[in-house]
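Asker: Dumping the structure here so I can ask a few things about it.
There are 6 protein chains.
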Amino acid sequence: MRPSGRQTDEMRSVTIEVGTTRHAEGSCLIKCGDTHVLCTASVDDRVPPFLKGTGLGWVTAEYGMLPRATHTRMRREAKNGQSGRTQEIQRLIGRSLRAGVDRVAMGERQIVVDCDVLQADGGTRCASITGGWVALKLAVNQLMKAGDIISDPLIDPVAAISCGIYAGQEVLDLDYPEDSEAGVDGNFILTGGKLVEIQMSAEGSTFTRAQMDKLLDLAEKGIGELNTVQRAAVT
Amino acid sequence: MRPSGRQTDEMRSVTIEVGTTRHAEGSCLIKCGDTHVLCTASVDDRVPPFLKGTGLGWVTAEYGMLPRATHTRMRREAKNGQSGRTQEIQRLIGRSLRAGVDRVAMGERQIVVDCDVLQADGGTRCASITGGWVALKLAVNQLMKAGDIISDPLIDPVAAISCGIYAGQEVLDLDYPEDSEAGVDGNFILTGGKLVEIQMSAEGSTFTRAQMDKLLDLAEKGIGELNTVQRAAVT
Amino acid sequence: MRPSGRQTDEMRSVTIEVGTTRHAEGSCLIKCGDTHVLCTASVDDRVPPFLKGTGLGWVTAEYGMLPRATHTRMRREAKNGQSGRTQEIQRLIGRSLRAGVDRVAMGERQIVVDCDVLQADGGTRCASITGGWVALKLAVNQLMKAGDIISDPLIDPVAAISCGIYAGQEVLDLDYPEDSEAGVDGNFILTGGKLVEIQMSAEGSTFTRAQMDKLLDLAEKGIGELNTVQRAAVT
Amino acid sequence: MRPSGRQTDEMRSVTIEVGTTRHAEGSCLIKCGDTHVLCTASVDDRVPPFLKGTGLGWVTAEYGMLPRATHTRMRREAKNGQSGRTQEIQRLIGRSLRAGVDRVAMGERQIVVDCDVLQADGGTRCASITGGWVALKLAVNQLMKAGDIISDPLIDPVAAISCGIYAGQEVLDLDYPEDSEAGVDGNFILTGGKLVEIQMSAEGSTFTRAQMDKLLDLAEKGIGELNTVQRAAVT
Amino acid sequence: MRPSGRQTDEMRSVTIEVGTTRHAEGSCLIKCGDTHVLCTASVDDRVPPFLKGTGLGWVTAEYGMLPRATHTRMRREAKNGQSGRTQEIQRLIGRSLRAGVDRVAMGERQIVVDCDVLQADGGTRCASITGGWVALKLAVNQLMKAGDIISDPLIDPVAAISCGIYAGQEVLDLDYPEDSEAGVDGNFILTGGKLVEIQMSAEGSTFTRAQMDKLLDLAEKGIGELNTVQRAAVT
Amino acid sequence: MRPSGRQTDEMRSVTIEVGTTRHAEGSCLIKCGDTHVLCTASVDDRVPPFLKGTGLGWVTAEYGMLPRATHTRMRREAKNGQSGRTQEIQRLIGRSLRAGVDRVAMGERQIVVDCDVLQADGGTRCASITGGWVALKLAVNQLMKAGDIISDPLIDPVAAISCGIYAGQEVLDLDYPEDSEAGVDGNFILTGGKLVEIQMSAEGSTFTRAQMDKLLDLAEKGIGELNTVQRAAVT
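Protein chains in written order, with full-length UniProt numbering: chain F, 1 to 235; chain L, 1 to 235; chain R, 1 to 235; chain P, 1 to 235; chain W, 1 to 235; chain U, 1 to 235.
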């Protein structure tokens, strides 16, 4: 049924290689099938102005795509400015990662997570969140080792997966050929078994609550598998 | 419980005044409590380049806020460019409205829906979708009257409502005081009793599937009431 | 003679509704015939850097037009930046309003007057000045009531009206059909019976000093009528 | 009385040197006292889109100032974009020059007049118009010599002069020390003895119709002297 | 002497891995010590406007750096626009690559070479040129295989290396610790044993012709070694 | 051979007129044949942030061209932003001038050198450096006269000249007709008989080390002549 031959509830193979960038406090290269995202976490002692003196930490994210990460070359955003889509994605990544952070335990510092897509085949924002959490955790581990943070501000991993309705069937982890055909698709972000964000969208279509329930079942299954890979990467 | 004294499943009063802008093919002023949005629909014979010669129509939306629509004055976007938030909202409005359009019946033309917030008190993107559909329908009615469109491309109204968890309780139609406190909130867009978009977001919090179900119940109730006001406005 | 059937020295009907925006310290909706402008005045305790520590106040203005305020839809300035025309208009509004302000009595604070055109039919900059003064005065009244300002810094209203030569005849208060045909037209801003600004412009034409005198006569008549409406609005 | 010791109705000395830029179809360096403006006129066979096929010509202007034309260095506009003031000035120059052009006789072509201030001491926009007309006329002369234009589209020179109220006295041709002190000042553009534009502005002051009349008298005197210098330059 | 312990004429180890990006017509990851650059070549049937109908090909380049490629995080250029340095580098890469192309044999098409620095340790522009040529050659090979190009437009490899004066000594291939200390450094681009570009620069220092000669000797040695790695990569 | 009839080692005539801008601390108009550049030096007591409190001075440069300095009119950079070429040139000018400055003797202040091309005929960046040094020196002289600087921070003049290979022949000081035809050309900046910058570039060509040597010979000859003119101008 699926172009890749996968089962409806079968994810692409996921690998996370850590320490890929020498200068960053935390870094990894996450590969979800042919979607490859380089994630780095940079620690900054300064926080945004609205947090100065509060003792609270902050996590923010930026997202980019190399011009030829895609099937046909895209215009370079450095020449044209960030598109609305890019801004929307990086706001989502930042919000999702913050949901898993104890900002008091983190202390008054900022960590910037950069997610740069080297190769795209669908699901880049989900891979960015899942890999971004790993980079963030590695940076936090370094701060804890150095004694700059005492109690771990990151308990449960944050992970994200896409689900959608392809050819009338609910499927897990859409790749590009599915994503470009699906009338309904969405992203589910969870931490510690609970929901953090849901973004369901139907372009030229609609969906029922029963379908929504099945998609949530698939998402919970996928997130469980991602958490296993994430935990292995950071220990 | 609620700052406004409303029941958990009680919407703010909604009124829609049509024909508010003399030049536009369709226009209305929607008031959801103290949130006031002026919506206009402008018909354009030209479609975006990717649709030329396809015979298909297009609906797009733009969103803005007057600088003093808010409690404290915001910087004017004309001087600073559209924020990521603004772009994200107008992309949502456009996508939602297109979900209710038969683009073949519409014919190869574009309708631009402008939603400008005159006064804000929470829920501006939902009011924009609900009012935007009315402006769109009025413009389509005019095209049908003129014989430019034969069969109505807009069958069921598209409407949107926010729900969230305020003080531990699921509530319908958050106003600004609730919105700024709620740990979890989201927007639900429906047409013809089916789902079009869901955007659930938890800033510094999480939510369960049981809570998600209750929010969907509230949303369905609210959308039913909005559809009644919409239908009255366009006939 | 005139498309509207008005006498050469007859203004359009003018109404000013106050308190139209709940959050603003001063607000009004001015309607000069089919030209409708929403004016708000926002008080800010900070002044521009060049006034810090001088004890002097400042009034500035910003101007905008909703995309479908006009006969055909204009591009949204938030997407494209403010045009030269927009900047020229808002500089004029700010300068004109400051001419009627005792900046010592006002104290070291800034008031920003936003003039947003909801519907345009000629004369939007004049309506913005006339209505902007009303919003400004209402904000000042609130500051005086609160004891933040002791002596009224606004004695005489500032008002503006257009005059021009249409079909060889000097006329008062041009509407859009006249404005787009007139070879010569201009804006006159007065306060307390004296001149503050004159902007006469002839596109593809010229005018004599005798004609200039007649236009000034018309302007003085019109401003008198506007002052009556302004005074009624602010008391 | 005046810082320069000039009489109230005495202009600064004015010289116009032509042919200052080798590549331009028309060029001159106008010096009004210490205000020096380099004006070039560039002929372009293409007209703006709204004139294509109409047979009508177009004249437009651009204005700039070298960063150290002023007492203290200004930020370079190429790095920051044109200010509102710059745009307002170049719109005025273009409009004024067009007032003296027979656009049918000119034929369907565009002439761009660039006015770049090498040294500023007040009155740069007036010097730009007066010198810009000379550059324009020289370019037209070249087109007539080449037979590209048959009948001269420029009959009377267009010239501009500032007048204002300095130390309570109406004065002609304000230099920078006067300009920065004057409560009322304005620019008068005339052609063939008739008015084309008036821009009177009072910052923190007002003026009477009697004063306006005296300023117009001064302007007419000054323009007459400028026309003599212009005519000498182009023959 | 050198921080890395290398001899004065010793390059860092260089590896080139090809086929690193699935979608691109040509791609490689070049590693010059700790400087890692991902290069892709994208074929486009359209040429820039000035080449339309000439039958000539075009090669252009774009350059970027991931925000955390560097020791401390840099601001993302997509948010701020390309810096002057970035533009200067990508103009150099494009010019250098074109020097090795027979644009007639290439045919009327464009190849865009993107060079994105994943990790920086000095010499990123040289690595971009050396790796960029490999990506370009792989894309050309694919076009030749498909019969779209008949005779090879790329005969000799183009390669680049930096040389400089570090601690009074001429050295080959500066890494970041050397680059940030060197008073004199430059980039040498060669093809087929001949010079294409030289960019020598002394910040706060000067150099003699004798030193220039020694730097050229070093450069020729280094380029020879790079050519060997390049040739191995593309066959 | 050469379009101008000059010998291969013959420069265009060079003149430098000083004191051309009344407000600037140092200024000159340099004419190298038909290339005319107005250079001003502006003293600023504030240094860039990275130099605060170091006691070191800074020299920076900005470069511009009037729109009709060229054969056909160019778009005004104030409307479109600085091109990559402009930024590259002004970075070169600043770097070159700093090479001749003792930044300790200069004291903690900044001098901004503006180079604005009034007429272009090839070699504008070289003329900017040569003339820019004169403006800089005049400003320094004024600071020394006022006692703000004790020991002269500018010992040897910095000058620049272009050389290239035109019609197979090495030539000195290319004018525009040569520059637009030359396959190889470059700029050589020297101070005190030593090299500061070399920028050699071959568009669609290559060059040998022997040719490079001859170009250096020509450059040294030309720079000697320029230094004589510079020294005469500043004393």
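Glycine included, C-beta positions come from ideal geometry on N, C-alpha and C.
Note that the structure is a prediction, hence the values are computed from the model and not measured.
Could you tell me whether the Cβ atoms of F:V112 and F:D44 are closer together than 8 angstroms?
Answerer: Indexing the first sequence from 1 puts residue 112 of chain F at position 112. Indexing the first sequence from 1 puts residue 44 of chain F at position 44. In this structure, F:D44 lies closer than 8 angstroms to F:V112 by Cβ.
Asker: Please list, in chain order, all residues of the same chain as W:L226 whose beta carbon is under 7 angstroms from its beta carbon, the five residues on each side excluded.
Answerer: Within the fifth sequence, numbered from 1, the residue matching residue 226 of chain W stands at position 226. Once the five neighbours on either side are set aside, the close Cβ partners of W:L226 are V14, T130, A159, I161.
Asker: Buried or exposed: F:T208, going by 16 or more other Cβ atoms within 10 Å of its Cβ?
Answerer: Translated into positions along the first sequence, residue 208 of chain F becomes position 208. It counts as exposed.
Asker: Report all residues from its chain with a CB closer than 7 angstroms to the CB of F:D20; omit the five preceding and five following residues, and keep chain order.
Answerer: Translated into positions along the first sequence, residue 20 of chain F becomes position 20. What sits at residue 20 of chain F in the sequence shown is Thr, not Asp. So the list reads S27, C28, L29, L38, once near-sequence residues are dropped.
Asker: Which of the three DSSP states, helix, strand or coil, is assigned to U:L174?
Answerer: In the sixth sequence, the residue the question calls residue 174 of chain U occupies position 174. The answer is coil: DSSP assigns U:L174 none of H, G, I, E or B.
Asker: What is the C-beta distance between P:T8 and P:V184, in whole angstroms, given that I count them as a contact (C-beta under 8 angstroms)?
Answerer: As a first step, residue 8 of chain P is located in the fourth sequence; it is residue number 8 there, counting from the start. As a first step, residue 184 of chain P is located in the fourth sequence; it is residue number 184 there, counting from the start. Contact flag wrong, Cβ pair sits at about 14 angstroms.
Asker: Could you check where the beta strand (DSSP E) with R:A41 kicks off and where it finishes?
Answerer: Here residue 41 of chain R refers to the residue found at position 41 of the third sequence. Its beta strand (DSSP E) spans residues 35 to 44.
Asker: Using the C-alpha atoms, what's the distance from P:M11 back to R:L118?
Answerer: As a first step, residue 118 of chain R is located in the third sequence; it is residue number 118 there, counting from the start. As a first step, residue 11 of chain P is located in the fourth sequence; it is residue number 11 there, counting from the start. R:L118 and P:M11: Cα-Cα distance of roughly 47 angstroms.
Asker: Mind pulling the chain L residues with CB within less than 9 angstroms of residue 256 of chain R?
Answerer: Nothing can be reported for residue 256 of chain R, as the shown portion of chain R is limited to 1 through 235.
Asker: Could you spell out the range, first to last residue, of the alpha helix (DSSP H) harbouring L:T124?
Answerer: Looking up residue 124 of chain L in the second sequence gives position 124. Start and end: 124 to 145.
Asker: Can you tell me which residues form a DSSP beta bridge with L:N187?
Answerer: As a working note, residue 187 of chain L is residue 187 in the second sequence. The partner list for L:N187 (beta bridge, DSSP) reads L:S162, L:Q199.
Asker: Between W:R12 and chain F, is there a C-beta pair that is closer than 8 angstroms?
Answerer: What you label residue 12 of chain W is simply residue 12 of the fifth sequence in a count that begins at 1. False, the Cβ-Cβ gap to chain F never drops below 8 angstroms.
Asker: Over what stretch of residues does the beta strand (DSSP E) that includes P:S27 continue unbroken?
Answerer: Here residue 27 of chain P is taken as the residue at index 27 of the fourth sequence, counted from 1. Element bounds for P:S27: 26 to 32.
Asker: Quick one, which of F:L136, F:G81, F:I223 has its alpha-carbon nearest F:D173's?
Answerer: By 1-based counting over the first sequence, the position of residue 173 of chain F is 173. Of the candidates F:L136, F:G81, F:I223, the one whose C-alpha sits nearest the C-alpha of F:D173 is F:I223.
Asker: Indicate whether at least one CB of chain F lies closer than 8 angstroms to the CB of W:D45.
Answerer: The residue given as residue 45 of chain W occupies position 45 in the fifth sequence. Not one chain F Cβ lies under 8 angstroms of W:D45.
Asker: Is there a C-beta anywhere in chain L that falls below 8 angstroms from the one on F:S162?
Answerer: The count along the first sequence starts at 1 and reaches residue 162 of chain F at position 162. By this cut-off, F:S162 is not an interface position.
Asker: Please report whether the beta-carbon of R:G132 lies at a distance below 8 angstroms from any beta-carbon of chain P.
Answerer: Here residue 132 of chain R refers to the residue found at position 132 of the third sequence. Output row for R:G132: interface = no.
Asker: Report the option in U:A167, U:A127, U:A78, U:D152 whose CA atom is closest to the CA atom of U:F188.
Answerer: Numbered from 1 along the sixth sequence, position 188 holds the residue referred to as residue 188 of chain U. The option with the nearest alpha carbon to U:F188 is U:A127.
Asker: Tell me whether F:K137 is buried or exposed, calling it buried when 16 or more other Cβ atoms sit within 10 Å of its Cβ.
Answerer: In the first sequence, counting from the first residue as 1, residue 137 of chain F sits at position 137. Buried is the call here.
Asker: Out of P:L216, P:R231, P:S205, P:A233, which one is the CA nearest neighbour of R:R103?
Answerer: Indexing the third sequence from 1 puts residue 103 of chain R at position 103. For R:R103, the nearest C-alpha among the options comes from P:S205.
Asker: Within the continuous alpha helix (DSSP H) that includes U:T228, where are the two ends?
Answerer: Counting from one through the sixth sequence, the residue named residue 228 of chain U turns up at place 228. Here the alpha helix (DSSP H) through U:T228 covers 209 to 233.
Asker: Could you check what DSSP says for P:M106 in three-state terms: helix, strand or coil?
Answerer: In the fourth sequence, residue 106 of chain P corresponds to position 106, counting from 1. DSSP places P:M106 in helix when its eight states are reduced to three.
Asker: Taking the C-alpha atoms as reference points, what is the distance between L:T228 and W:T72?
Answerer: On the second sequence, position 228 is the one that residue 228 of chain L refers to. On the fifth sequence, position 72 is the one that residue 72 of chain W refers to. Roughly 58 angstroms separates the two Cα atoms.
Asker: Closer than 8 angstroms, CB to CB, is R:T70 near chain L or not?
Answerer: Counted from its first residue, the third sequence places residue 70 of chain R at position 70. Yes, because at least one Cβ of chain L sits closer than 8 angstroms to the Cβ of R:T70.
Asker: With 8 angstroms as the threshold, decide whether the Cβ of P:G81 is near any Cβ in chain U.
Answerer: Counting from one through the fourth sequence, the residue named residue 81 of chain P turns up at place 81. Output row for P:G81: interface = yes.
Asker: Measure the C-alpha to C-alpha separation of P:G54 and P:M106 and round it to an integer number of angstroms.
Answerer: Numbered from 1 along the fourth sequence, position 54 holds the residue referred to as residue 54 of chain P. Numbered from 1 along the fourth sequence, position 106 holds the residue referred to as residue 106 of chain P. The identity of residue 54 of chain P in the sequence shown is Thr, whereas the question assumes Gly. Roughly 12 angstroms between the two C-alpha positions.
Asker: For W:E77, go through chain F and note every residue whose CB falls closer than 7 angstroms to its CB, in chain order.
Answerer: Reading the fifth sequence from its first residue, position 77 is the one you call residue 77 of chain W. Within 7 angstroms Cβ-Cβ: A78.
Asker: Please report the distance separating the alpha-carbon of P:R95 from that of R:D175.
Answerer: Numbered from 1 along the fourth sequence, position 95 holds the residue referred to as residue 95 of chain P. Numbered from 1 along the third sequence, position 175 holds the residue referred to as residue 175 of chain R. When rounded, the distance between both Cα atoms is 22 angstroms.
Asker: Hey, is P:A99's beta-carbon within less than 8 angstroms of any beta-carbon in chain R?
Answerer: Here residue 99 of chain P refers to the residue found at position 99 when the fourth sequence is read from its first residue. Taking Cβ atoms only, chain R reaches closer than 8 angstroms to P:A99, which makes this a yes.
Asker: How many angstroms separate the CA atom of P:G164 from the CA atom of P:L215?
Answerer: Here residue 164 of chain P refers to the residue found at position 164 of the fourth sequence. Here residue 215 of chain P refers to the residue found at position 215 of the fourth sequence. About 7 angstroms.
Asker: Relative to the alpha-carbon of U:G132, which residue among U:L92, U:Y166, U:R109, U:G186 has its alpha-carbon at the smallest distance?
Answerer: Start at 1 with the first residue of the sixth sequence, and residue 132 of chain U comes out as number 132. For the residues U:L92, U:Y166, U:R109, U:G186, the minimum Cα distance to U:G132 belongs to U:L92.
Asker: Please classify U:G168 as buried or exposed, where buried requires at least 16 other C-beta atoms within 10 Å of its C-beta.
Answerer: Indexing the sixth sequence from 1 puts residue 168 of chain U at position 168. When all chains shown are included, U:G168 counts as exposed.
Asker: Could you check where the beta strand (DSSP E) with P:T60 kicks off and where it finishes?
Answerer: The residue given as residue 60 of chain P occupies position 60 in the fourth sequence. Taken as a continuous stretch (DSSP letters only), the beta strand (DSSP E) holding P:T60 covers 58 to 65.
Asker: Measure from the alpha carbon of P:D217 to the alpha carbon of each residue in P:L190, P:E203, P:T40, then state which is nearest.
Answerer: Here the question's residue 217 of chain P lines up with position 217 in the fourth sequence. That would be P:L190, whose Cα lies nearest to the Cα of P:D217.
Asker: Does any residue of chain L bring its CB to less than 8 angstroms from the CB of R:A105?
Answerer: Here residue 105 of chain R corresponds to residue number 105 of the third sequence, with the count starting at 1. For R:A105, the answer is no, since every Cβ of chain L falls outside 8 angstroms of its Cβ.
Asker: Following the continuous alpha helix (DSSP H) through U:E88, name the residue where it begins and the one where it ends.
Answerer: Residue 88 of chain U sits at position 88 when you count from the first residue of the sixth sequence. From DSSP, the alpha helix (DSSP H) with U:E88 extends over 84 to 98.
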